[in-house]
Amino acid sequence: MPESFSKEVTIVNELGLHARSAAKIAGISQKAKAEVRIVRDGTAVDAKSIIDMLTLACGKGSRIRIEIDSASDMNILKKIVSLVESGFGE
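Following this line, the structure appears as structure tokens:
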């Protein structure tokens, strides 16, 4: 079983995790060598799938965890964390 790395963040932008912000996460996640997941309240979804992320219904203030399966994707984790913490640049 691969070692997992993760970071918890809070959705700070007014619109929450919506289609445009999910697309930004998916774009970053596509470059990962291994799995990237977004987890909310115990439900994990593929961060490469916009639709999957939207099913989490993450409004402003939602706590999510971003998980990666490979240390080689640590830069992907950092980029997604930075994107969420910046409010997706909105």
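Following the working numbering, the numbering of the sequence shown begins with 66 at its first residue and continues without gaps.
Ideal Cβ positions, reconstructed from N, Cα and C, are used throughout, including at glycine.
Since this is a predicted model, take the numbers as computed values, not measurements.
query	result
Proximity to Ala-112 [Cα-Cα], best of Glu-155, Ser-86, Leu-80, Ser-151	Ser-86
Proximal residues to Val-146 (C-beta, below 7 Å), its chain only, five neighbours per side dropped	Lys-72, Val-74, Ile-131
Separation of Leu-82 from Thr-120, as counted between CA atoms	10 Å
Rounded separation between Ser-127 and Thr-108 - CA only	13 Å
Supposed close pair Ile-93, Lys-144 - CB separation, criterion 8 Å	5 Å
Nearest-angstrom Cβ-Cβ length linking Ser-114 and Ala-91, presumed shorter than 8 Å	7 Å
Whole-Å CB distance - Glu-155 paired with Asn-78, under 8 Å assumed	5 Å
Burial state of Met-66 (16 or more Cβ within 10 Å)	At Met-66, the pLDDT of 39 sits below 50, so the modelled position is not reliable; the number obtained from the coordinates is stated separately. Met-66 should be labelled exposed.
Sequence-distant residues of the same chain with beta carbon closer than 8 Å to Lys-96, five excluded per side	Ile-141
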